[in-house]
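So the sequence shown is numbered by this note's numbering: it starts at 32 and just counts up by one.
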Amino acid sequence: MLTQEATLEFTRTVQAAPAAVFRAFTTPSALRDWLCDAARVDPRSGGPIYLWWNDGYYTGGVFTAVVRNAELAFTWRGPQDPVAGLVHVALTPTEAGTTVTVTHTAPEAGPESVTAAAEIARGWEQSLENLQSLLETGIDLRFACRPMVGIDDAEVLSPELAASLGVPITEGLRLRGLVEGMAAQAGGLQRDDIMVQLDEYPITDYQSLARALQHYQAGDRVPVVFYRGPQRQTLTLELSRRPQPDLPATPTALAEVMQASYAALDAEMAACFAGAPEEATAYRPAPDAWNAKEILGHLLAIEHDTQTWIAAVIEDSDMEQTFHTNVTERVAALARIYTPTPVLLEELRRAEAVTVAMIAALPAAAVARKHLFNQLATWLTTFADHTREHIAEIQGLLAAARP
Numbered sequence: 032m033l034t035q036e037a038t039l040e041f042t043r044t045v046q047a048a049p050a051a052v053f054r055a056f057t058t059p060s061a062l063r064d065w066l067c068d069a070a071r072v073d074p075r076s077g078g079p080i081y082l083w084w085n086d087g088y089y090t091g092g093v094f095t096a097v098v099r100n101a102e103l104a105f106t107w108r109g110p111q112d113p114v115a116g117l118v119h120v121a122l123t124p125t126e127a128g129t130t131v132t133v134t135h136t137a138p139e140a141g142p143e144s145v146t147a148a149a150e151i152a153r154g155w156e157q158s159l160e161n162l163q164s165l166l167e168t169g170i171d172l173r174f175a176c177r178p179m180v181g182i183d184d185a186e187v188l189s190p191e192l193a194a195s196l197g198v199p200i201t202e203g204l205r206l207r208g209l210v211e212g213m214a215a216q217a218g219g220l221q222r223d224d225i226m227v228q229l230d231e232y233p234i235t236d237y238q239s240l241a242r243a244l245q246h247y248q249a250g251d252r253v254p255v256v257f258y259r260g261p262q263r264q265t266l267t268l269e270l271s272r273r274p275q276p277d278l279p280a281t282p283t284a285l286a287e288v289m290q291a292s293y294a295a296l297d298a299e300m301a302a303c304f305a306g307a308p309e310e311a312t313a314y315r316p317a318p319d320a321w322n323a324k325e326i327l328g329h330l331l332a333i334e335h336d337t338q339t340w341i342a343a344v345i346e347d348s349d350m351e352q353t354f355h356t357n358v359t360e361r362v363a364a365l366a367r368i369y370t371p372t373p374v375l376l377e378e379l380r381r382a383e384a385v386t387v388a389m390i391a392a393l394p395a396a397a398v399a400r401k402h403l404f405n406q407l408a409t410w411l412t413t414f415a416d417h418t419r420e421h422i423a424e425i426q427g428l429l430a431a432a433r434p
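Right under this line is the structure:
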């Protein structure tokens, strides 16, 4: 039975205009980038708001007040709440930007109420810190502060491996490679150490290590139990921060990086197909495998989807799933229509040129939405590795097609 209410207030000043902050509370793509993992909102009085998190928590409610760029309020009811609470957000312009004040009135019931209030407080404090980072830098702290141990290679311990290493256990994670300067190597772990526990959490494989790390942030110091030969030892690791890429800051700079990457990849692709007979591009090693032309169709589909993504950033429209490029019917259709292979290669080059031109023409308003621009820039400065994997795959197919 409801006994009382807890009213919690949180304040943070961010270097952004009230309109940008208002958008962050009322746009699904922005909400996903600082508060939750999925969102549906209709920001009008009486409109619904639904928020989900990957840990299974969710809340649903309705907007009770919406004053554009100044104020909003919505009900909040999670799966354990006996009745709905209320979240009120006030945006006050300041010389530094905007002061955001969030007041969360939550129902309390039973002995778990203190824990619930503490969880609400921790959630809003971390989320508002992330909101500030999102608006000022475009960086999602949930990812940037996700801790890393710095294990480059590892394998699950087996009885045979345990015997060969002289360890008196049969469960654990054998470290085969460590990243220089990151937590494991800096903290004193070595190759062939067997990690068995991170703080209170048993470590038996990669999945158990990943689950354990969910309880920590980069910079946390945690004890690690491991075996080095027959000896059980303990040391403390300072969990490493994920390296942040040095992204181009402007559309012009990003377009220049993309142009250079495309030029290099196009030359490698041309060399890959040079002298290959047309029939070789149709070779497939298995009935459900792609042939070389269909791989080109996949790369062409990526360019088309990337252009749709860029358009969504310009329009500030929601786009939950960016790529739909592994649908066999789609890549096969592209390979069939753009034929012979030189035509498909030329179409891919034209699509790349369109992508570069769209990036170069990004309006200032789109660039100002830093979280979206950074997401685009991250993909567009790293896609070359993906393309080169496919170039190697095509080389293998064309070689196998030779009599």
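Don't be surprised by glycine CBs; every beta carbon is placed ideally from N, CA and C.
- Message: As a quick exercise: from Arg361, Leu62 and Phe53, pick the residue whose alpha carbon is nearest that of Thr129.
- Response: Phe53
- Message: By the three-class DSSP mapping on this structure, what secondary structure does Phe314 have?
- Response: A small correction: the amino acid at residue 314 is Tyr; Phe does not occupy that position in the sequence shown. Correct three-state label for Tyr314: coil.
- Run through the segment 325-369 for me and flag every whole alpha helix (DSSP H) of 4 or more residues, listed as ranges in chain order. Within the segment 325-369, the complete alpha helix (DSSP H) segments of 4 residues or longer fall at 359-368, listed in chain order.
- Quick check: the segment 404-413 against the segment 279-298, are there 3 or more CB pairs under 8 Å? yes
- Verify whether the separation of the beta carbon atoms of Glu420 and Thr386 is less than 8 Å. no
- Message: Using a 10 Å radius around the Cβ and a threshold of 16 neighbouring Cβ atoms, would you call Phe174 buried or exposed?
- Response: exposed
- How long is the line joining the alpha carbons of Gly154 and Ala147, rounded to whole angstroms? About 10 Å.
- Do the CB positions of Ser239 and Pro178 come within less than 8 Å of each other? no
- Local Cβ density within 10 Å of Pro49, reported as buried at 16 or more and exposed below that: buried
- Assign Val358 to one of two classes, buried (16 or more other C-beta atoms within 10 Å of its C-beta) or exposed (fewer than that). With fewer than 16 other Cβ atoms within 10 Å, it is exposed.
- Item | Inter-residue spacing [alpha-carbon to alpha-carbon] between Arg433 and Arg367 | 22 Å
- 7 Å Cβ shell around Thr168 - same chain, five flanking residues per side excluded: Cβ neighbours of Thr168 beyond the five flanking positions: Lys401.
- Message: Check whether the segment 212-227 and the segment 254-262 touch, using three or more Cβ-Cβ pairs below 8 Å as the test.
- Response: yes
- Short check: CB of Val198 to CB of Thr235, under 8 Å? no
- Task: Could you say which of Met300, Arg361, Asp86 and Ala249 lies nearest to Gly328 if we only look at CA atoms?
- Result: Arg361
- Task: Report all residues from its chain with a CB closer than 6 Å to the CB of Ala104; omit the five preceding and five following residues, and keep chain order.
- Result: Thr95, Ala96 and His119
- Distance between Ala127 and Ala70 (C-alpha atoms, nearest Å): 29 Å
- Message: In the DSSP output, which residue or residues are listed as bridge partners for Arg400?
- Response: Looking at the DSSP assignment, Arg400 forms no beta bridge with any residue, so it has no partner.
- Message: Going by C-alpha to C-alpha distance, which of Trp65, Gly116, Asn100 and Tyr88 sits closest to Thr489?
- Response: Residue 489 lies beyond the range of the chain shown here (32 to 434); nothing can be said about it.
- Item | chain B contact for Pro434 (CB, 8 Å cutoff) | As a matter of chain content, chain B is missing from the structure shown, which is built from one protein chain.
- Message: Taking the alpha-carbon of Thr356 as reference, which of Ile345, Ala343, Ala332 and Leu376 has the nearest alpha-carbon?
- Response: Ala332
- Item | Close Cβ partners of Ala286 (< 7 Å) along its chain, the five nearest in sequence each way excluded | Val387, Ile390 and Ala391
- Query: If we ignore side chains and look at the alpha-carbon of each, how far apart do Pro371 and Val288 end up?
  - Reply: 30 Å
- Give a yes or no on whether the C-beta atoms belonging to Arg75 and Gly92 are separated by under 8 Å. no
- Message: If contacts are defined as beta-carbon pairs under 8 Å, then Arg43 and Gln163 qualify, I think. What distance do you get, rounded to the angstrom?
- Response: 6 Å
- Message: At the level of alpha carbons, what is the spacing between Asp319 and Ala249?
- Response: So the two alpha carbons sit approximately 43 Å from each other.
- Rounded C-alpha distance that separates Gln245 from Asp86: 10 Å
- Message: Tell me the rounded alpha-carbon separation between Thr37 and Cys176.
- Response: Before going on, a small fix: residue 37 reads as Ala here, not Thr. Answer to the nearest angstrom: the Cα atoms are 30 Å apart.
- For Arg153, three-class secondary structure by DSSP: For Arg153, the secondary structure class from DSSP, reduced to helix, strand or coil, is helix.
- Among Leu204, Leu172 and Ala397, nearest to Ser348 - alpha-carbon criterion: Closest in C-alpha terms to Ser348, from the list Leu204, Leu172 and Ala397, comes Ala397.
- Message: Taking the beta carbon of His135 as the centre, do at least 16 other beta carbons fall within 10 Å, making it buried, or is it exposed?
- Response: A residue is called buried once 16 or more other Cβ atoms fall within 10 Å of its Cβ, and His135 is buried on that count.
- Item | Beta-ladder partner(s) of Val133, from DSSP | Phe41 and Val120
- Alpha-carbon spacing of Ala194 relative to Leu159, whole angstroms: 51 Å
- Query: Taking DSSP as the reference, what is the three-state secondary structure of Ser189?
  - Reply: Looking at Ser189 - three-state DSSP - the assignment turns out to be coil, as it is neither helix nor strand.
- In terms of DSSP beta bridges, what is Ile182 paired with? Leu209
- Item | Beta-carbon contacts of Leu365 that lie in its chain and below 6 Å, excluding the five residues immediately before and after | Gly328 and Leu331
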